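Since the structure comes first, as structure tokens, the remarks are kept for the end.
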Ligand code: MLT
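In my numbering, the protein residues as written are 100 to 431.
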């Protein structure tokens, strides 16, 4: 073989090796999950707590999975519209969703015809964050503390407007409970998420709401709204000057919300494992931890993480909220 022929043969061999490598890369990209962007459904308007948490965890999850994650806001029905829609997507890992204490805990008590069962219709991926509930009011609400606030609500009744994010949402269910315990009858004003509700609280269109901590911390720090109490046994390090409901004289109002990632039921096992691992990595990401902690979010650790912990949480939340909310509805 001449030197020229040898060179040609070597080149042909090199090219065919290249073709095999290229073919196998293509095959992996096509067959292996994920090979295209993933849609993360947020069942509320942009700018609220669910959206905030989704946007904090999405980038590190995307990094772990090697594909972009895009946020799809599908508001309506207190979060049940987006969750219903996402639950009907193909269970291939390309549509996942952020649910919460409302969509997967309170909603069954308040919707007779809920199109999903929080404990059966989904493959749980994991809890993303615990989100204590804070009673917040417009900056100039004329009450110095929780006692005065409740007195004002009891005296002036329906002249005060209470914002919430739709029937079954966290702000609605915890708001109903608060009203029942405080013996208050304000007028409800419904939003497509507490992001837009917060804008109206800041500008004084509405008087108050019970909201998840991650949505209130920046505004309390900016001094554009006021807080009367946090509904947890201990104060939050993110809001050290806000008293607990116990300290402020309303010990029966202790509620804690949470946000979590779910997928439509029957994901392939390897896809499920990859999503669980991506969320786990996101929760260990120092930037995620710092952002969540600054906003008062609680990061699940150890046994609080993952699908089994989330499944247990959903079952216990449905059991916890159903009697409490039915009693609150009956007292209206
Ligand atoms: C709720 O009240 O359920 C949430 O705050 C809604 C939201 O995330 O916007």
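For every residue, glycine included, the Cβ atom is placed at its ideal position computed from N, Cα and C. These numbers come from a predicted model, not from an experiment.
Annotation for residue 428: no residue places its beta carbon closer than 7 Å to its own, counting only its chain and skipping 5 residues before and after.
The beta carbons of residue 180 and residue 173 sit closer together than 8 Å. Counting only residues of its own chain and dropping the five nearest sequence neighbours on each side, residue 274 has a CB closer than 7 Å to the CB of 261, 263, 308, 309.
Residue 144 is not a Cβ neighbour of residue 245, given a cutoff of 8 Å. Around the Cβ of residue 404, a 10 Å sphere holds 16 or more other Cβ atoms; the residue is buried. Remark: three or more beta-carbon pairs, one from each stretch, lie closer than 8 Å, so the stretch 220-230 and the stretch 353-363 are flagged as touching. Comparing C-alpha distances from residue 387 to each of 299, 135, 151, 333 shows the shortest one belongs to 151. DSSP places residue 143 in the coil class of the three-state scheme, outside both helix and strand. Following the DSSP letters along the chain, one finds residue 355 inside the beta strand (DSSP E) bounded by residues 355-363. If you draw a 10 Å sphere on the C-beta of residue 241, you find fewer than 16 other C-beta atoms in it, and that means exposed.
Of the candidates 281, 346, 236, 355, 236 places its Cα closest to the Cα of residue 296. Where residue 278 is concerned, the enclosing alpha helix (DSSP H) starts and stops at 269-281. Shown here, residue 237 sits in a strand according to DSSP, grouped into three states.
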